[in-house]
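Undergrad: Below is the structure I would like to discuss, written out as structure tokens.
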């Protein structure tokens, strides 16, 4: 790294010397303001990156069950099928449930007649009040039994509780299904979850850090990375592994197709919210001078520039990390630095839109 930085600085020094102008040109420049391109000085954020193995899961996986017992006569449970909330998934033979509804309707009618008869006899003083109380209770119980029979008939039809995908089918048509038996598994894939497990020491160290970003990649496609968003984390560590489960999500609209259960990697960047003393400037803002480098700081009050010595720490991707008496949000000349000199008057270049 040091060799590459040294080589880049040597090239910059040569370019600076070659770009020097004769004295006559400088005298002409002094006579009129110089148009310059400015760049804003930024802070170098203190951040750390961690990489974790991850398991992919759906938002939730629900066991699909009937609440009544019967013979399965219709199902739409082919694995991989997309369903909408309210779609019919399966249906039991309705005949026993319809028969039960008719039986209970008959009992309600009978209880109503008996209640009317008892009321008449009680009003005539031929039966005690307790007989009326019993008749009313019997009538109410008959109504409740009818309500339950109708509910069981409704339960013989199973509908999707949410938009999702059939992950697995466990029964076939004509199977005898008991209440509570799992007949299929339905997954909510509105998002894809990436679950990671963070060691307790690391989790505690960075707890409360708000500036967290993450990217994920499937092991089958290691060169394709997607931004994922934080969803939630466990409040207590696993008692065996002493790790905290942290969940990140990839929205389904991202267009990336991945199957729950796939293996993945998640890179998490944690910004401590602190800034380092080092500053970031464009590589082109550096000018070699003697054994070191300087940048030209713009002074808005005077519309002039002034020289600021800096120490170059490293460079990459067209930017330089420097130390010096620069402050964040100050501006420096980003191009044509070889034409600058102390107290030269400049005009800021503004690109047309």
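Numbering (my numbering), first residue to last: 14 to 366.
Glycine is no exception: its CB is placed at the ideal position from the N, C-alpha and C atoms.
(1) Which runs of the beta strand (DSSP E) at least 3 residues long sit entirely within the segment 240-326? Give them in chain order.
(2) On the DSSP letters alone, give me the boundaries of the beta strand (DSSP E) that residue 87 sits inside.
(3) Along the chain, which unbroken stretches of the beta strand (DSSP E) at least 3 residues long are found entirely within the segment 141-212?
(4) In the DSSP output, what is residue 101 paired with across the bridge?
(5) Helix, strand or coil: which one does DSSP assign to residue 138?
(6) Would you mind working out which of 108, 215, 61 and 199 sits nearest residue 95, comparing C-alpha positions?
(7) Grab me the residues of residue 259's own chain with a C-beta within less than 7 Å of its C-beta, minus the 5 sequence neighbours each way, in chain order.
(8) For the beta strand (DSSP E) containing residue 358, list its first residue and its last residue.
(9) Drop a sphere of 10 angstroms on the beta-carbon of residue 187, count the other beta-carbons inside from all chains shown, and report buried for 16 or more, exposed for fewer.
(10) Suppose you measure from the CA of residue 175 to the CA of residue 203; what does that come to, to the nearest Å?
(11) DSSP three-state label for residue 370, please.
(12) Buried or exposed for residue 344, please, with buried defined as at least 16 other CB atoms from any protein chain shown within 10 angstroms of its CB.
(13) Please confirm whether residue 277 and residue 207 have their CB atoms less than 8 Å apart.
(14) State yes or no: is the C-beta of residue 351 nearer than 7 Å to some heavy atom of the ligand COA?
TA: So, from the listed chains and residues:
(1) 256-264, 276-295, 300-302 and 305-312
(2) In this chain, the beta strand (DSSP E) harbouring residue 87 covers 83-88.
(3) 170-172, 177-182 and 195-212
(4) 172
(5) coil
(6) 199
(7) Once the five neighbours on either side are set aside, the close Cβ partners of residue 259 are 209, 211 and 246.
(8) Unbroken run through residue 358: none, as it is neither H nor E.
(9) exposed
(10) 10 Å
(11) With the chain running from 14 to 366 in the structure shown, residue 370 is simply not present.
(12) buried
(13) yes
(14) Because no ligand of any kind appears in the structure shown, any question about the ligand COA cannot be addressed here.
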